[in-house]
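Below is one structure; the comments refer to it alone.
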Amino acid sequence: MKKMTNKQKILIAIIALIIIVGTIITITVGLNFDFRLQETKKVQLYIGKDFEIKDIKDITKEVFGNEPVMIQKVEVYEDSVSIITKEITEEQKQNLLNKVNEKYGLEISADTTEIVSIPNMRGRDMIKPYILPFTIATVIILIYMVVRYRKLGIIKTILKVVIISIVSQATLLAVIAIIRIPIGRLTIPMVITVYLLTCIGLTTNFEKQLERKKEEQ
Amino acid sequence: MKKVKILTIILAIVLVTMIAFWGIYVPVQNRMENSIKGYSYTMELNGARTIRLKVDDTNKTIIKDAEGKEVTDAENLTDEELAEKGYTKEEVANNSQESLTEENYKASKKIIEERLKKLNVDNYSVRLDTQAGDIIIEIPENDVTDSIITNIGTTGKFEIVDSETKEVLMDNKDIKLVNVMYGSDSSTGTTAGTTVYLNIEFTKEGTKKLEEISNKYVPQENTESTENTENTTDTENAENKESTEEQTEKTITMNIDDEEIMTTSFDEPIRTGTLQLSIGSSSKDTETLNDYINQANSMAVVLDTGKMPVQYTVDENQYILSEITNTELKIASYIIIAVAIISLIVLVVRYKTNGLIGAFSYVGLASIFLLLIRYANVLLSLEGIFGIVIILILNYLFINKLLSKIKKEKEINKEIISNKAKETYKEFFIKIIPICIAVITFCFISWAPISSFGMVMFWGILLIFVYNFIITNQLLKIKASK
Chain X
91 MKKMTNKQKI LIAIIALIII VGTIITITVG LNFDFRLQET KKVQLYIGKD FEIKDIKDIT
151 KEVFGNEPVM IQKVEVYEDS VSIITKEITE EQKQNLLNKV NEKYGLEISA DTTEIVSIPN
211 MRGRDMIKPY ILPFTIATVI ILIYMVVRYR KLGIIKTILK VVIISIVSQA TLLAVIAIIR
271 IPIGRLTIPM VITVYLLTCI GLTTNFEKQL ERKKEEQ
Chain Y
791 MKKVKILTII LAIVLVTMIA FWGIYVPVQN RMENSIKGYS YTMELNGART IRLKVDDTNK
851 TIIKDAEGKE VTDAENLTDE ELAEKGYTKE EVANNSQESL TEENYKASKK IIEERLKKLN
911 VDNYSVRLDT QAGDIIIEIP ENDVTDSIIT NIGTTGKFEI VDSETKEVLM DNKDIKLVNV
971 MYGSDSSTGT TAGTTVYLNI EFTKEGTKKL EEISNKYVPQ ENTESTENTE NTTDTENAEN
1031 KESTEEQTEK TITMNIDDEE IMTTSFDEPI RTGTLQLSIG SSSKDTETLN DYINQANSMA
1091 VVLDTGKMPV QYTVDENQYI LSEITNTELK IASYIIIAVA IISLIVLVVR YKTNGLIGAF
1151 SYVGLASIFL LLIRYANVLL SLEGIFGIVI ILILNYLFIN KLLSKIKKEK EINKEIISNK
1211 AKETYKEFFI KIIPICIAVI TFCFISWAPI SSFGMVMFWG ILLIFVYNFI ITNQLLKIKA
1271 SK
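Next up, the structure:
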């Protein structure tokens, strides 16, 4: 068995540390979910004319401060706006209405404007549709690698592919947990990046080993 | 000649680039319109239909007779008439207090997700308010959205009841699976058309029940009528027979969500444990048949996924645009273009003329790729956009590898270019075989964000293979030729 270099040992130690810290943070503090996936509050206002998202954004900034806000146009005529944020108090609603009424010359009353609660989306529901495709792809890739690199040892190849794939994704999740990257719409592209890089890394490594073995023979 | 060839190819690349980035404008009704197809986006970029299903808190009125049996045909009677007949009115909640539990809300959510899957909705999100039980669904906006919404919130209560006594003979628990079948009618030798059937397969227990019912609920032969009509005329005989048969024939009624679907009796006992109900009449018209198929499919999905433990009403149903606006998408594309330009400048600095050829070739591939995505009807999701970026990176790596191999050679000729191209192809594509496997797998997945990524990558990798073989290779060969 080939001996590990000091560089490799340090790298493994760092990865192990990242995974351990990430796991502890995930268990104790939890992951930082994007506010769109959390429980939020929504108000919907009928503007009745063309409006710019930017103008609504300016108003919401004055009302909600630095709280993240999601602003969306509603229906095909795009004359209504949906404003979603973590929490909307009655006072904030009134303030928002005053500013919107003033800006667009409207008379939207607080009585007719309801604060609607939007439940959170569970992380597992977000991930669920991706589990099957990635599992199928990984199994087929594993079969391909076992066939192509059988000369390097079938068990060794399987173990290497499985362990490195798991470790790479675990490291990504740990990094996400440690530096508090919000789990949201960019999480899956990040997972795909690491997945593809792992595939390329493994193939490059196996190709080199195969070449070396051929040269030795 | 060499310069003409290179210039021709480069001009063609410039033309394609202009078409891909600016389009072809043609006059349409006194205005200029881009005739190049636009991108198709998935729900997260295009907006979604948002439906809020609220737990039904209304009551229904039930009329009961003196014996406490439910009466269905007394809805139009006045209070006085009801009192005269000894009927009583009762207000009953559509959802009993016992049914409003977190477990039932979760079960309802699961059923809704199952229905969305079976209705082939390729992208959706379902959120549940575990306290109030409200469910918020987001689905893509398209031609079938309204039809999906009408089915998604229905309870899916299935019952076969005695038409007369209203005794429930079979219900959802007896159903094993429901699907849609087709059959062609050829009663007179020539094919009359296709009939769509709703095929209900029952469980073991259900099969037994169905057999019993089909034995019991048969058109009755009336012996009494013959005795009565010994001394009467034929016409009277027929009338008598009809009236007595009406009184004695036992029929069943099939209800879905308390709505009567059909009333029938059985000609012969059913032992197979399946019921096939024809939807509409036999037809040859494709549009009519499609309507029947959609109707039957919706019914099949609702029944097959089981009865929802909680009854819901559609409280909110609106199309909400994506929060990612076109301006934001444009900003993202400008960033990608800026990074690509810087990378291409690096390529030109490193490999001089060959670098310039490589840069032109790269721009050509990017342009054709963007056109291909549009005309191949690839739905773009965030993952798909990410796929475009990966393809641009992969193509850059390919060209860079090829040029670096050529640079190492002291003397460059056509043969060397061919050899270096072969080497680059081998090294590059061997490394990305696992990616190709993953990409092809993703293409077959029905979840839009992942299939979008798969399709974008598939066309991109195919283009890198074909385009560089035809264009990049050719340009470098022409340049190397004496």
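Protein chains in written order, with this note's numbering: chain X, 91 to 307; chain Y, 791 to 1272. Idealized CB from N, CA, C, for every residue including glycine.
Quiz item: Can you find a C-beta in chain X that's less than 7 Å from the C-beta of residue 1214 (chain Y)?
Solution: The residue given as residue 1214 (chain Y) occupies position 424 in the second sequence. No, residue 1214 (chain Y) lies away from the interface with chain X (no Cβ there is under 7 Å from its Cβ).
Quiz item: What does residue 1243 (chain Y) reach in chain X if we use C-beta pairs closer than 7 Å?
Solution: The sequence position of residue 1243 (chain Y) within the second sequence is 453, counting from 1. Neighbours of residue 1243 (chain Y) in chain X, taken as residues whose beta carbon is under 7 Å from its own, are 282 in chain order.
Exercise. Starting from the beta carbon of residue 202 (chain X), find every residue of chain Y whose beta carbon is closer than 7 Å, and list them in chain order.
Key: Sequence index remark: in the first sequence, residue 202 (chain X) carries index 112 (1-based). Among the residues of chain Y, none has a CB under 7 Å from the CB of residue 202 (chain X); the nearest is roughly 15 Å distant.
Quiz item: Which whole-angstrom value describes the C-beta separation of residue 1173 (chain Y) and residue 1240 (chain Y), a residue pair presumed to lie in contact below a C-beta threshold of 8 Å?
Solution: What you label residue 1173 (chain Y) is simply residue 383 of the second sequence in a count that begins at 1. What you label residue 1240 (chain Y) is simply residue 450 of the second sequence in a count that begins at 1. That belief holds up - the Cβ atoms of residue 1173 (chain Y) and residue 1240 (chain Y) are roughly 6 Å apart, short of 8 Å.
Self-check item: Same chain, Cβ closer than 7 Å to residue 1204 (chain Y), five either side skipped, listed in chain order
Solution: Residue mapping note: residue 1204 (chain Y) aligns to position 414 of the second sequence, counting from 1. So the qualifying residues of the chain are 1267, 1270, 1271.
Quiz item: Of all the options Y:1209, Y:945, Y:1124, Y:1102, which has the alpha carbon lying nearest to the alpha carbon of residue 842 (chain Y)?
Solution: What you label residue 842 (chain Y) is simply residue 52 of the second sequence in a count that begins at 1. Minimum Cα distance to residue 842 (chain Y) is reached at Y:1102.
Exercise. Using a Cβ-Cβ cut-off of less than 8 Å, give me the residues of the stretch 285-296 of chain X that come near chain Y, in sequence order.
Key: So the list reads 285, 286, 289, 290, 292, 293, 294, given in the order they occur along the chain.
Practice problem: Answer yes or no: do residue 1131 (chain Y) and residue 1185 (chain Y) have a C-beta to C-beta separation smaller than 7 Å? | Solution: Sequence index remark: in the second sequence, residue 1131 (chain Y) carries index 341 (1-based). Sequence index remark: in the second sequence, residue 1185 (chain Y) carries index 395 (1-based). No, they are not a contact pair.
Quiz item: Could you check where the beta strand (DSSP E) with residue 101 (chain X) kicks off and where it finishes?
Solution: Looking up residue 101 (chain X) in the first sequence gives position 11. For residue 101 (chain X), there is no enclosing beta strand (DSSP E); the enclosing alpha helix (DSSP H) covers residues 96-118.
Quiz item: Counting pairs of beta carbons, one from the stretch 134-147 of chain X and one from the stretch 189-198 of chain X, are three or more of them closer than 8 Å?
Solution: Yes, since at least three Cβ pairs between the stretch 134-147 of chain X and the stretch 189-198 of chain X fall closer than 8 Å, the two stretches touch.
Practice problem: Can you check DSSP and say which residues form a bridge with residue 1108 (chain Y)? | Solution: For the purposes of this step, residue 1108 (chain Y) is identified with residue 318 of the second sequence, where counting begins at 1. Residue 1108 (chain Y) pairs with Y:840.
Self-check item: Residues that DSSP places opposite residue 883 (chain Y) in a beta bridge
Solution: Against the second sequence, residue 883 (chain Y) aligns to sequence position 93. Beta-bridge pairing links residue 883 (chain Y) to Y:849.
Exercise. Please name the residues in the stretch 184-203 of chain X whose beta-carbon is closer than 9 Å to at least one beta-carbon of chain Y, in chain order.
Key: Flagged: no residues at all.
Exercise. Taking residue 1173 (chain Y) as the query, report the chain X residues whose CB atoms sit under 7 Å from its CB, ordered along the chain.
Key: For this step, residue 1173 (chain Y) is matched to residue 383 along the second sequence. Going along chain X in sequence order, the residues near residue 1173 (chain Y) (Cβ under 7 Å) are 278, 279, 282.
Exercise. Return the CA-CA distance between residue 240 (chain X) and residue 93 (chain X), expressed in angstroms with no decimal places.
Key: Locating residue 240 (chain X) in the first sequence gives position 150, where the first residue counts as 1. Locating residue 93 (chain X) in the first sequence gives position 3, where the first residue counts as 1. Cα to Cα, residue 240 (chain X) sits roughly 22 Å from residue 93 (chain X).
Quiz item: Are the C-beta atoms of residue 272 (chain X) and some chain Y residue less than 7 Å apart?
Solution: Here residue 272 (chain X) refers to the residue found at position 182 when the first sequence is read from its first residue. Contact with chain Y is absent for residue 272 (chain X), since none of that chain's Cβ atoms lies less than 7 Å from the residue's Cβ.
Exercise. Spell out whether any CB of chain X is found under 7 Å from the CB atom of residue 919 (chain Y).
Key: Mapped onto the second sequence, residue 919 (chain Y) falls at position 129. Among the CB atoms of chain X, one or more fall inside 7 Å of the CB of residue 919 (chain Y).
Exercise. Classify residue 817 (chain Y) as buried or exposed, calling it buried when 16 or more other Cβ atoms lie within 10 Å of its own Cβ.
Key: Taking the first residue of the second sequence as 1, we reach residue 817 (chain Y) at position 27. Flag for residue 817 (chain Y) reads exposed.
Quiz item: Got a sec? Which residues, its chain only, sit under 6 Å from residue 943 (chain Y) by beta carbon, not counting five neighbours each side?
Solution: Your numbering for residue 943 (chain Y) matches position 153 in the second sequence. Taken in chain order, the residues that qualify are 843, 1102, 1104.
Quiz item: Near residue 1217 (chain Y), what residues of its chain come up, given a Cβ to Cβ distance below 8 Å and the 5 sequence neighbours on each side ignored?
Solution: The sequence position of residue 1217 (chain Y) within the second sequence is 427, counting from 1. Here the set comprises 1191.
Quiz item: Within this structure, are the beta carbons of residue 1003 (chain Y) and residue 959 (chain Y) separated by less than 7 Å?
Solution: Walking along the second sequence from the start, residue 1003 (chain Y) turns up at place 213. Walking along the second sequence from the start, residue 959 (chain Y) turns up at place 169. Inclusion of residue 1003 (chain Y) and residue 959 (chain Y) in the CB contact set at 7 Å is warranted, their separation being smaller than that value.
Exercise. Whole angstroms is fine: what's the gap from residue 242 (chain X)'s alpha carbon to residue 281 (chain X)'s?
Key: Position 152 of the first sequence holds residue 242 (chain X). Position 191 of the first sequence holds residue 281 (chain X). Their backbone Cα atoms lie some 28 Å apart in a straight line.
Quiz item: How many angstroms separate the CA atom of residue 1232 (chain Y) from the CA atom of residue 1244 (chain Y)?
Solution: Here residue 1232 (chain Y) corresponds to residue number 442 of the second sequence, with the count starting at 1. Here residue 1244 (chain Y) corresponds to residue number 454 of the second sequence, with the count starting at 1. Taken atom to atom, the span from the alpha-carbon of residue 1232 (chain Y) to that of residue 1244 (chain Y) is near 5 Å.
Practice problem: Report the partner residues of residue 969 (chain Y) according to the DSSP bridge assignment. | Solution: For the purposes of this step, residue 969 (chain Y) is identified with residue 179 of the second sequence, where counting begins at 1. Residue pairing of residue 969 (chain Y) in beta bridges, as defined by DSSP: Y:989.
Self-check item: Inter-residue CB distance, residue 1094 (chain Y) and residue 968 (chain Y) (contact presumed, cutoff 8 Å)
Solution: The count along the second sequence starts at 1 and reaches residue 1094 (chain Y) at position 304. The count along the second sequence starts at 1 and reaches residue 968 (chain Y) at position 178. Right, their Cβ atoms sit about 4 Å apart.
Exercise. Return no unless some Cβ of chain Y is closer than 7 Å to the Cβ of residue 239 (chain X).
Key: Position 149 of the first sequence holds residue 239 (chain X). No - not a single Cβ of chain Y is within 7 Å of the one on residue 239 (chain X).
Exercise. Please list the residues of the stretch 154-171 of chain X that have a C-beta atom closer than 9 Å to any C-beta atom in chain Y, keeping them in chain order.
Key: Answer in chain order: 160, 161, 162, 163, 164, 165, 166, 168, 170.
Quiz item: With distances taken between CB atoms, is the gap from residue 1188 (chain Y) to residue 800 (chain Y) smaller than 7 Å?
Solution: Here residue 1188 (chain Y) corresponds to residue number 398 of the second sequence, with the count starting at 1. Here residue 800 (chain Y) corresponds to residue number 10 of the second sequence, with the count starting at 1. With contacts defined as CB atoms closer than 7 Å, residue 1188 (chain Y) and residue 800 (chain Y) fail to qualify as a contacting pair.
Self-check item: Chain-order list of residues whose beta-carbon lies under 7 Å from that of residue 827 (chain Y) (same chain, five-residue window excluded)
Solution: Mapped onto the second sequence, residue 827 (chain Y) falls at position 37. Excluding the 5 residues flanking it on each side, residue 827 (chain Y) has same chain C-beta neighbours closer than 7 Å at 1164, 1165, in chain order.
Self-check item: Per-residue DSSP class, three states only, for residue 1098 (chain Y)
Solution: Along the second sequence, one-based indexing puts residue 1098 (chain Y) at 308. Three-state DSSP puts residue 1098 (chain Y) in coil, outside helix and strand.
Exercise. Report the partner residues of residue 1045 (chain Y) according to the DSSP bridge assignment.
Key: One-based indexing of the second sequence puts residue 1045 (chain Y) at position 255. DSSP, once it has assigned bridges, lists Y:949, Y:1050 as partnering residue 1045 (chain Y).
Quiz prompt | Euclidean distance between Cα positions of residue 1006 (chain Y) and residue 1099 (chain Y) | solution = Position 216 of the second sequence, counting from 1, holds the residue named residue 1006 (chain Y). Position 309 of the second sequence, counting from 1, holds the residue named residue 1099 (chain Y). Approximately 31 Å between the Cα atoms of the pair.
Quiz item: For the candidate residues X:268, X:307, X:306, whose alpha-carbon lies nearest to that of residue 111 (chain X)?
Solution: Here residue 111 (chain X) corresponds to residue number 21 of the first sequence, with the count starting at 1. Nearest to residue 111 (chain X) by C-alpha distance, out of X:268, X:307, X:306, is X:268.
Quiz prompt | C-beta neighbour in chain Y for residue 214 (chain X), strict 7 Å | solution = Taking the first residue of the first sequence as position 1, residue 214 (chain X) is located at position 124. So, not an interface residue.
Exercise. Kindly say whether residue 302 (chain X), judged by its beta-carbon, lies nearer than 7 Å to any beta-carbon of chain Y.
Key: Translated into positions along the first sequence, residue 302 (chain X) becomes position 212. Taking Cβ atoms only, chain Y never reaches closer than 7 Å to residue 302 (chain X), which makes this a no.
Quiz item: Is any beta-carbon of chain X found at less than 7 Å from that of residue 930 (chain Y)?
Solution: Numbered from 1 along the second sequence, position 140 holds the residue referred to as residue 930 (chain Y). Output row for residue 930 (chain Y): interface = no.
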